[in-house]
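Colleague: If you read the sequences in order, they're chains E and V.
Note that the first sequence covers residues 101 to 572 in this note's numbering.
Note that the second sequence covers residues 3 to 442 in this note's numbering.
One structure, pasted below without further comment.
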Amino acid sequence: MELLEFAVEKALEMGASYAEARYEEKNGTSLAMKNGNPEGLEVLAEKGIGVRVLVDGGMGFASTNVLTKESVAGAVKKAVKLAKAASKVRNEPIRFSEEDFHRVSYKVKMKKDFRDVSPEEKLEILRKIEEEVKATGVNVPMRYLMYSDQLWKKVFVNSEGAYVKSKIPRVSVTYNLVVFENGQMEQAPFVQRAFSGGLELIEKDEPWKWALKDVQALKRLIYEGKKPPEGKVDLVISPEVAGIAVHESVGHPYESDRIMGREAAQAGESFVKPHMLGERIGSEVVTVIEDPTIPNSWGFYLYDDEGVKARPRYLIKDGIITEFLTNREYAAKLGQRSNASARAINYNREPIVRMANTYLAPGDYSFEELIEDIKLGVYMVSFNEWNIDDRRYQQRYIGREAYLIENGEIKHPVRRPILEITTRALWSSVDAVGKEVEYYPGTCGKGEPGQGVPVWMGGAHARLRDIPLRRP
Amino acid sequence: MFDVNEFILKKAKELGFGDVVVLGYEMDRRQVRFANNEITVAKNWHERKVELFVELEKRVAGTSITELSEENIERTLETLLSNMKGMAPKEDYYGIAEGPFQYKDIPETFDKSIVELDEPNEYVERAINAALEEGAKRVAGVLYTDHNKLYLTTSNGVEAFEEGTGIEISVRAFIGDLESGHGTNSVRVLKKFDPESAGRKAGEIARMAQNPEQGPEGHFDVIFDPLAFANLLSYMSFMTSAYAAEAGFSFLVNKLGQKVASEAVTIKDVGNMPNGYGTRKFDDEGVPTRETTIIENGTFKTFLLNTSLAKKYGTETTANAGLIMPHAWNVVLEPGDWSKEELFSEVKRGIYITNVWYTRFQNYVAGDFSTIPRDGIFLVENGELKPIRNIRVSDNLQRILEGIKALGKESYHIHWWEVDTPVSTPYVLVEDVGITRATK
């Protein structure tokens, strides 16, 4: 990409001490079906260049989708000017960590290339969900189904010798199903299945089976659901619930830009401070890993958007805080090397510290072993409502599908058990972790303006002791 | 850009498309982000694109085109055509609005001095200083300037142009780890811009919030600051779209004509509001924007509609297209007649919430949700404010609307990261709000 080299050289000429240029092109299709009606086809086709520079210790960023030399030169000029002006309102100059850079190219292969498949054939995936849901005989008056595929092409160049070219296809199916039975209504909203790769991954995953399972579980909840037990009980959380918990209360607070206050407006700060590296935050069985390199994962990448090579990061190891997520700016502040957490959602966004795929590492318990000695407890399989404060310390997850555990056995469904707990109490309560890991997709929100990035969240089952569960 | 629009329309007609809507954008946007009293990054965006909607025998498709060469436009249209030919129709598609329309200029939506503004950093420094003067130690936030041009052409005789500007700031002030406050200011013309007011408010709340104690749980009368209530109304605005109702994302479904809020509550969407951050002269099919009463004295009157959905339900469009999904422009909760002092003295033992975030629903159709206060939270006891922390609002959206007891007489226009659809709201007193906290 000549324009990228041109942008970097131009920025250096104009006085930048560091410059990077990133080309991104996204192409794809999305389809929706509402209550059996196709809602139409959306064709995504966008591309542009983003330029980020450091001048006198100030940072400037500019982007354009007009891909001419003049327009790119205009963006460089603006970025340099903005950086210079910003440098005057700084207490200390921004510095980047020293890194090794590479000239590399990588791509995720598609066995079934979604570009060769007609929209009508893609619509069949949604139709299959419709049919399977209808075939259950359960009354589902509101059904909203979405299909999306996107091919992301990127080229990254910086003034320190990096050249990273990548091609990552992403494919997903999302559904919202509202079950109405016996005068009661329950909902499975925004349930998503998502991968990096070709259409074969969706076909293999069979999202219609997930929809079917949700609809049947909600019907059973309506007819057989009882109040969850109150007071202190044991709680077993599924990989899906463990996933949201590690994402919200481990991944986010370990983002170094949050820790250092840069994201105070808007996504917030963190209860974690730099001096807490090495401190215990959970029990010895808790290990949380952040790994962008998991093949076909929704959060997949091999080099981040600063050109640094990605690797698994151990955020918590055996209950001890061991690593934060860093980009070059905050790695330098912490006296470290970047662990490649800089991500930008598109050419028109700056790279900031983000998660990719966060999971609770497996232990050595089978599911039967996890529940066998529980006298009274709850098994939370999935959740709807969740949230956490902006320091990432007070969180809440409400079960959608959940069951009573009594004398080591799974019994009837329970309605909306509420786990409302502090981060330290949550991870200190875990006394056993399952063997098998599963991942669930999500869109992680952060950045100003917002940058929703694809992530996986997951892990193994976990057993939490003496949890004061709430009822609605 | 109208020549590009005309070219697209002509080619689309030649290819046999029915309804065609071409919406061209030119956008210049600037941002200054700051944290720890210094600028962390400054940004500029320059974008040009065309959003295209086409219909072919009830099959509909949309795309955006950024490379506006004739070859690429023709290629895009041909690709759409070949993709759409094999597709099943959208049976409930009923067309776009019949133009042409007359448009009125809306006051205070364009200001040349924002376009010509060379350097907005002084506004950032003024906001930071205002917060520091109130006692803040660390100040973070964002400033934007906007300059947009819109060019709309449709196959039903619409040709419409609009140029708009805006400038806004969002300021968060901190003292320690647990003490913070937030203020915003969003306007369309420079002379109304008041960055100090945002900084002062953020700093003042942070100062008042010092040494918070663990908050209580139970049911309380709650005074929502405009910033906090705007968050709930912004989430609710999505639920007022007929599309959201059909898709199972609205507690208002099947409630037309029913009581859904207290008598005191009248909520409107005002697309043509002077100085409104979401104000537009026309919607995406060219219908002049207007004022639509969604809830009148507590009764739910209408969903927000485009032409196709309006025809489906045998009524008129509310000028809220979105060709697929109608959406609100500026949500307005009509103010009441209480002064701020009267509101606070009405509360014997309650809670004042200055801001919330992370509003999430357990059940959209039932309206069950929770949201987390951030920034200063206060226990209100006989007119006195005591800072508290770590609580959560856990309730139901309709019940919150039904529980509204009093509305302040002054309205505040709120737009920031958490309030995507701009909202004008006063201070709001709600009875008996569910408050929970972590149990371990």
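Virtual Cβ for every residue (Gly too), placed ideally from N, Cα, C.
Using DSSP bridges, identify the partner residues of E:P513.
Modeller: In the first sequence, counting from the first residue as 1, residue 513 of chain E sits at position 413. E:P513 pairs with E:Y503.
Colleague: Expressed to the nearest angstrom, what Euclidean distance is found between the alpha-carbon atoms of V:G88 and E:L141?
Modeller: Position 86 of the second sequence, counted from the start, is the residue given in the question as residue 88 of chain V. Position 41 of the first sequence, counted from the start, is the residue given in the question as residue 141 of chain E. Looking at the two C-alpha atoms, the distance is approximately 12 Å.
Colleague: In the DSSP assignment, what are the bridge partners of E:I381?
Modeller: By 1-based counting over the first sequence, the position of residue 381 of chain E is 281. The partner list for E:I381 (beta bridge, DSSP) is empty, contrary to what the question assumes.
Colleague: Rounded to whole angstroms, what's the CA-CA distance from V:E164 to V:N150? Just pull it up for me.
Modeller: In the second sequence, the residue the question calls residue 164 of chain V occupies position 162. In the second sequence, the residue the question calls residue 150 of chain V occupies position 148. Using only the alpha carbons, I get a separation of about 8 Å.
Colleague: E:M360 bridges to which residues according to DSSP?
Modeller: Sequence index remark: in the first sequence, residue 360 of chain E carries index 260 (1-based). The partner list for E:M360 (beta bridge, DSSP) is empty, contrary to what the question assumes.
Colleague: May I ask you to verify whether the region 236-252 of chain V touches the region 295-310 of chain V, counting CB pairs closer than 8 Å and requiring at least 3?
Modeller: Yes, they touch.
Colleague: CA-CA distance, E:G157 and E:G558?
Modeller: On the first sequence, position 57 is the one that residue 157 of chain E refers to. On the first sequence, position 458 is the one that residue 558 of chain E refers to. The alpha-carbon atoms of E:G157 and E:G558 are separated by roughly 39 Å.
Colleague: Specify whether the region 429-442 of chain V and the region 519-526 of chain E touch according to this definition: at least 3 beta carbon pairs, one from each stretch, less than 8 Å apart.
Modeller: The answer is yes - the region 519-526 of chain E touches the region 429-442 of chain V, with three or more Cβ pairs under 8 Å.
Colleague: Excluding the 5 residues preceding and the 5 following V:R401 in the sequence, name in chain order all residues of the same chain whose CB lies nearer than 8 Å to its CB.
Modeller: If you number the second sequence from 1, residue 401 of chain V lands on position 399. Here the set comprises G369.
Colleague: What runs of the alpha helix (DSSP H), each 4 residues or longer, lie entirely inside the region 376-437 of chain V?
Modeller: 399-404, all fully within the region 376-437 of chain V.
Colleague: By alpha-carbon positions, which one of E:M455, E:Y323 and E:R358 ends up nearest to E:V388?
Modeller: Numbered from its first residue, the first sequence carries residue 388 of chain E at position 288. Of E:M455, E:Y323 and E:R358, the residue nearest in Cα terms is E:M455.
Colleague: When the distance is taken between beta carbons, is V:G250 closer than 9 Å to E:V278?
Modeller: Along the first sequence, one-based indexing puts residue 278 of chain E at 178. Along the second sequence, one-based indexing puts residue 250 of chain V at 248. Closer than 9 Å, so yes.
Colleague: Going along chain V in order, which residues have a C-beta closer than 7 Å to the C-beta of E:Y244?
Modeller: Within the first sequence, the letter at position 144 stands for residue 244 of chain E. Going along chain V in sequence order, the residues near E:Y244 (Cβ under 7 Å) are A249 and G250.
Colleague: Any beta carbon from chain V within less than 9 Å of E:G237's own beta carbon?
Modeller: Here residue 237 of chain E is taken as the residue at index 137 of the first sequence, counted from 1. Chain V, which has no Cβ nearer than 9 Å to the Cβ of E:G237, makes this no.
Colleague: Going by CA-CA distance only, name the one from V:Y96, V:G166 and V:I393 that's closest to V:T319.
Modeller: Numbered from its first residue, the second sequence carries residue 319 of chain V at position 317. Among V:Y96, V:G166 and V:I393, the Cα nearest to that of V:T319 is on V:Y96.
Colleague: Give every residue of the same chain whose Cβ lies closer than 8 Å to the Cβ of V:R376, excluding the five residues on either side of it in the sequence, and list them in chain order.
Modeller: By 1-based counting over the second sequence, the position of residue 376 of chain V is 374. Once the five neighbours on either side are set aside, the close Cβ partners of V:R376 are S182, H184, N357, V358 and W359.
Colleague: Using a Cβ cut-off of 8 Å, which residues of the region 57-83 of chain V contact any Cβ in chain E, in chain order?
Modeller: Flagged, chain order: R61, V62, A63, G64, T65, S66, I67, T68, E69, T78, T81 and L82.
Colleague: Roughly how many angstroms lie between the CA atoms of E:D489 and V:F112, to the nearest whole one?
Modeller: Stepping through the first sequence from its first residue, residue 489 of chain E is reached at position 389. Stepping through the second sequence from its first residue, residue 112 of chain V is reached at position 110. Spanning the two alpha carbons is a distance of roughly 38 Å.
Colleague: Can you tell me the Cα-Cα spacing of E:D404 and E:N457, whole angstroms?
Modeller: By 1-based counting over the first sequence, the position of residue 404 of chain E is 304. By 1-based counting over the first sequence, the position of residue 457 of chain E is 357. Taking the straight line joining both Cα atoms gives about 13 Å.
Colleague: For E:G72 and E:G343, which I take to be in contact (beta-carbon distance under 8 Å), what is that distance rounded to the nearest angstrom?
Modeller: In this structure chain E extends from 101 to 572, so residue 72 of chain E is not present and cannot be described.
Colleague: How long is the line joining the alpha carbons of E:G499 and E:G407, rounded to whole angstroms?
Modeller: Your numbering for residue 499 of chain E matches position 399 in the first sequence. Your numbering for residue 407 of chain E matches position 307 in the first sequence. So the two alpha carbons sit approximately 40 Å from each other.
Colleague: Which term fits V:P424, buried or exposed, when burial requires 16 or more other beta carbons within 10 angstroms of its beta carbon?
Modeller: Counting from one through the second sequence, the residue named residue 424 of chain V turns up at place 422. Buried: at least 16 other Cβ atoms inside 10 Å.
Colleague: Please list, in chain order, all residues of the same chain as E:P329 whose beta carbon is under 6 Å from its beta carbon, the five residues on each side excluded.
Modeller: Taking the first residue of the first sequence as position 1, residue 329 of chain E is located at position 229. Taken in chain order, the residues that qualify are L476.
Colleague: Which runs of the alpha helix (DSSP H), 4 residues or longer, sit entirely within the region 12-55 of chain V?
Modeller: Complete alpha helix (DSSP H) runs here, min 4: none at all.
Colleague: Within 10 angstroms of the Cβ of E:P374, are there 16 or more other Cβ atoms? Answer buried if so, exposed if not.
Modeller: In the first sequence, the residue the question calls residue 374 of chain E occupies position 274. By the neighbour-count rule (16 or more Cβ atoms within 10 Å), E:P374 is not buried but exposed.
Colleague: Out of E:W310, E:R270, E:D213 and E:V478, point me to the one whose CA is closest to E:W556's CA.
Modeller: Against the first sequence, residue 556 of chain E aligns to sequence position 456. The shortest C-alpha separation from E:W556 is found at E:R270.
Colleague: Counting only Cβ-Cβ distances shorter than 8 Å, please list the residues of the region 320-332 of chain E near chain V, keeping chain order.
Modeller: Listed by position along the chain: nothing, the set is empty.
Colleague: Tell whether a beta-carbon distance below 9 Å holds between E:A367 and E:H352.
Modeller: Translated into the one-based positions of the first sequence, residue 367 of chain E becomes position 267. Translated into the one-based positions of the first sequence, residue 352 of chain E becomes position 252. Yes, Cβ-Cβ distance for E:A367 and E:H352 is below 9 Å.
Colleague: So with CB distances below 8 Å, who are the chain V contacts of E:F161?
Modeller: For the purposes of this step, residue 161 of chain E is taken as the residue at position 61 of the first sequence. In chain order: V43, A44, K45 and N46.
Colleague: Could you work out which residues of chain E lie near V:A368, taking near to mean beta carbons separated by less than 7 Å?
Modeller: Position 366 of the second sequence holds residue 368 of chain V. Here the neighbours are M285.
Colleague: With a threshold of 9 Å between beta carbons, is E:T522 in contact with chain V?
Modeller: Translated into positions along the first sequence, residue 522 of chain E becomes position 422. Cβ-Cβ to chain V under 9 Å: yes for E:T522.
Colleague: With C-beta atoms as the reference, is V:L192 less than 9 Å away from V:I169?
Modeller: If you number the second sequence from 1, residue 192 of chain V lands on position 190. If you number the second sequence from 1, residue 169 of chain V lands on position 167. Yes. Within cutoff.
Colleague: Can you check which of these residues, V:L431, V:S426 and V:S66, is closest to V:N187 by C-alpha distance?
Modeller: Translated into positions along the second sequence, residue 187 of chain V becomes position 185. The shortest C-alpha separation from V:N187 is found at V:S426.
Colleague: Using the beta-carbon count (16 or more within 10 Å), is V:D5 buried or exposed?
Modeller: As a working note, residue 5 of chain V is residue 3 in the second sequence. Classification of V:D5: exposed, given that the 10 Å Cβ count is below 16.
Colleague: Whole angstroms is fine: what's the gap from E:A525's alpha carbon to V:I374's?
Modeller: Your numbering for residue 525 of chain E matches position 425 in the first sequence. Your numbering for residue 374 of chain V matches position 372 in the second sequence. Roughly 19 Å separates the two Cα atoms.
Colleague: Pick helix, strand or coil for V:I75, following the three-state DSSP scheme.
Modeller: Within the second sequence, the letter at position 73 stands for residue 75 of chain V. Helix.
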